[in-house]
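Written below as structure tokens is the structure these notes are about.
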Amino acid sequence: MDRIAITGGAQLNGVIPVSGAKNSAIKLMAASLLTDEPLRLTNMPRLADTRFLGKLLTRLGVSVTESDGPDGQQTILHAPEITSGFAPYDLVRQMRASFNVLGPLVARSGQAKVSLPGGCTIGARPVDLHLQALEALGAKIDLHEGYVYAQAPRGLKGAEISFPIVSVGATEHAMLAAVLADGVTVIRNAACEPELVDLQECLNAMGAKVEGAGTPTVTITGVARLKGATHSVIPDRIEMGTYAVAAAMAGGEVRLTNARPELIESLSVKLEEAGATVVRTEDGVIVKRNGSRLNAVDIETAPFPGFATDLQAQFMALMTTANGESHIRETIFENRFMHAPELMRLGADISVHGGEARVRGVAQLEGAEVMATDLRASVSLVIAGLVARGETVVSRIYHLDRGFERLEEKLGACGAQVRRIKGDGEPEL
Ligand code: UD1
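Heads up: the sequence shown at position 124 corresponds to 123 in numbering that gives the first Met the number 0, and the numbers run straight through without jumps.
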């Protein structure tokens, strides 16, 4: 398996274009199941996760064509008919969000059999809210042997869906199912993440009637059919935030383009509090640090517009060399500090008590061999490696390849010493 080696010490100077958002792209791809006309998605990232989903969609009857279009990387998805309503375990377990094909399949063809996604390193991550939403819309749900059987032979019906907790995936799933339901659906306590707004814009371009995404109440007036459309995927705020943290960590000046400053505002405020300079621009941010040591600051993860849980690991890496003691509280997932022991292998001083980590900044990290445990955790190790003395080698980087497009190239263009070591085919223990 491949590994990534980082030689620490180089400042970052240059421009990094932000890719389209992975977390949005995979829900937009699922929307292609809702129409017999082609959906053209532009600003598409090329990632392991989009490939996994492409494979599953192909099994369901969608032709998935990736190409370089007039406006950059695009994917055209076309499902003239649904040839199968079966999403097997081996495909769904590779990428949890594949589960979101369930709603569109039931909405379009009245039935589906989709594997439950199974466990996940960052927590239990159940799908009860997804199922609750589909049941509210009139689907009959049965669970057998790890599979969800959903049926709505006479179509879904508009309904009130009130979520007890905020869930990005369940809100998106409810939207994807309700657009073809008969009547009006109101989703309360909806997630407000920008990816929800992106999904609303795409669905509306396809002829749906969705209002309110980005607020806690989303209203969907069902339509009988949807048509094809072209939609540009929203910039990836997690990739953007990751490189913003990397620049603050390594020092130098990095301009992030092809994005929007408000997508990472909660992070920018914390970077400024720590002593970095953040300039908001028309298409992103410029992050600068002139060499003076950053100060420790506290963060607590929260739904958007709060501090993103997907940036928590990266921020913890940043705090490992800050001046003072930082408290990092994780409120979204119960087991999201797997990166802490790996950062400690690099010399970080971290202690974890339940949902809170205490990071005491050290003057210098030391390069070591470390292991990626999940997508965002793996990039936090790369960030730490940027300043660690000597070489840091990160293994199990298939996690990284799930969500970061051309990471070595983008960091390398700014002067980072990052290289991929091709694996020998041996599985890692
Ligand atoms: C999405 C993102 C992920 C991000 C997360 C929170 C994608 C592909 N992934 O994940 O990167 O970290 O939002 O911003 O978009 N929950 C339940 N029951 C459910 C669903 C969720 O209890 O049916 C819980 C989860 O266990 C978690 C919390 O709700 O504790 C929030 O999870 P959710 O917002 O659903 O995250 P995802 O959509 O899975």
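Heads up, the beta-carbon is just placed ideally off N, CA and C, and yes, glycines get one too.
DSSP places ARG335 in the coil class of the three-state scheme, outside both helix and strand. Residue state for ASN42 is assigned as coil, using DSSP reduced to three classes. Burial check for LYS208: the Cβ neighbour count within 10 Å stays below 16, so the residue is exposed.
Between the alpha carbons of ASN203 and THR229 lies a gap of roughly 11 angstroms. In the DSSP assignment, GLN110 falls within the beta strand (DSSP E) that extends over 110-114. Judged by DSSP in its simplified three-state form, THR319 adopts coil rather than helix or strand.
In the DSSP assignment, ILE81 falls outside any beta strand (DSSP E) and carries neither an H nor an E. Put simply, of ASP282, GLU261 and PHE85 the residue whose alpha carbon is nearest the alpha carbon of ILE15 is ASP282. Collapsing the DSSP output to three states places ASP297 in coil. The beta carbon of HIS77 is closer than 6 angstroms to those of PRO37 and SER62 in its chain, skipping five residues each way along the sequence. Residue state for THR372 is assigned as coil, using DSSP reduced to three classes.
Inter-residue distance for ALA180 and GLY402 is about 32 angstroms (C-alpha atoms, whole angstroms).
PHE314 sits in a helix when the DSSP states are folded into three classes.
Proximity of the beta carbon of PRO125 to the ligand UD1 is indicated: a heavy atom of the ligand is located closer than 7 angstroms. Each of CYS201, GLY251, GLU238 and GLY109 was checked against the Cα of LEU262, and the nearest Cα belongs to GLU238.
Beyond the five residues adjoining it in sequence on each side, ALA29 comes within less than 7 angstroms, by CB distance, of ASN99, VAL100, PRO103 and LEU175 in the same chain, given in chain order.
Secondary structure note for GLY251: its beta strand (DSSP E) is the uninterrupted segment 251-256. Going by beta carbons, GLY414 and GLN10 fall inside the 8 angstroms limit. If you look at PRO16, you'll find it in the beta strand (DSSP E) that goes 11-16. If you compare the alpha carbons of ALA96, PRO152 and LEU136 with that of ALA111, the shortest gap goes to PRO152. Between the beta-carbon of THR216 and that of ALA189 there is about 6 angstroms, and that keeps the pair under the 8 angstroms contact cut. Pairing MET248 with LEU345 gives a Cβ-Cβ distance that is not under 8 angstroms. Partner residues in the beta bridge of ASP181, as assigned by DSSP, are LYS156. Taking a C-beta distance under 8 angstroms as the contact criterion, VAL167 and LEU115 do not qualify as a contact pair. Residue pairing for PHE303: DSSP places it in no beta bridge.
The continuous beta strand (DSSP E) containing SER66 extends over residues 62-68.
In this structure, ASN42 lies near VAL232, with their beta-carbon atoms less than 8 angstroms apart. Looking only at ARG357, ALA295, VAL253 and CYS191, the smallest Cα-Cα distance to VAL277 is reached by VAL253. A distance below 8 angstroms between beta-carbons, with the five flanking residues on each side excluded, links THR57 to the following residues of its chain, in chain order: VAL63. Rounded to whole angstroms, GLU333 and PRO69 show a C-alpha spacing of 43 angstroms.
Under the criterion of beta carbons closer than 8 angstroms, PHE303 and PRO193 qualify as touching, at roughly 7 angstroms. Look at the stretch 373-417 and you find these whole runs of alpha helix (DSSP H), each 4 residues long or longer: 374-384, 397-402 and 406-411.
Look at THR280 here: in three-state DSSP terms it is strand. Minimum Cα-Cα distance from LEU32 among the listed residues GLY53, THR280 and GLY8 corresponds to GLY53. Note that the C-beta distance between ALA4 and ARG418 is below 8 angstroms.
At a cut-off of 7 angstroms, the beta-carbon of PHE85 does not count as near the ligand UD1: no heavy atom of the ligand is closer than that.
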